[in-house]
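Residues in the sequence shown are numbered from 802 upward in steps of one, following our numbering. Ideal placement from N, C-alpha and C gives every residue a C-beta, glycine not left out. Quick caveat: nothing in here was measured; it's all calculated off a predicted structure. Below: the structure, in structure tokens.
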Amino acid sequence: FDSIFWENFHFLNNLNFCTAIQEPSDYYFTTTAELRYKMNSHIYTNFKVIFDYDSTPAATSASTDTRYMLGLGVDF
């Protein structure tokens with residue numbers, strides 16, 4: 802999903818879902834939501850949230866993981 806809110810602001814979203822064929826209740830998904838601001842025609846800054854979920858995590862792990870990222874990028 803990619804949407805332009807204002808002239809220089811973009812919202813991007815991506816969702817990936819994976820499941821085991823033998824065991825459909827064992828699945829994993831990750832989603833990414835990003836707000837991107839174009840500073841000029843080639844340089845942008847962004848804020849991204851990445852959320853992961855595992856239906857059957859390891860014994861010492863949580864089922865969810867959330868990361869926040871602030872970045873600077875270049876479009877070619």
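Straight-line gap, residue i to residue j (C-alpha atoms, nearest Å)
i: PHE812; j: SER826; result: 31 Å
i: SER804; j: ALA834; result: 11 Å
i: MET840; j: LYS849; result: 17 Å
i: ALA863; j: TYR838; result: 33 Å
Cut-off 7 Å between Cβ atoms - residues of its own chain near residue i, not counting five sequence neighbours on either side
i: ARG868; result: ILE851
i: THR857; result: ASP827
Sequence-distant residues of its chain with Cβ nearer than 6 Å to residue i (five each side left out)
i: TYR829; result: CYS819 and ASP855
i: ALA821; result: ASP827
Option nearest residue i by Cα separation, candidates the options
i: LEU816; options: TRP807, ILE805, ASP853 and THR846; result: ASP853
i: PHE806; options: GLN823, LEU836, ALA821 and THR831; result: LEU836
i: GLY872; options: THR832, THR846, GLN823 and PHE810; result: THR846
Close-in-space but distant-in-sequence residues of the same chain around residue i (CB under 8 Å, 5 per side omitted)
i: HIS843; result: VAL875, ASP876 and PHE877
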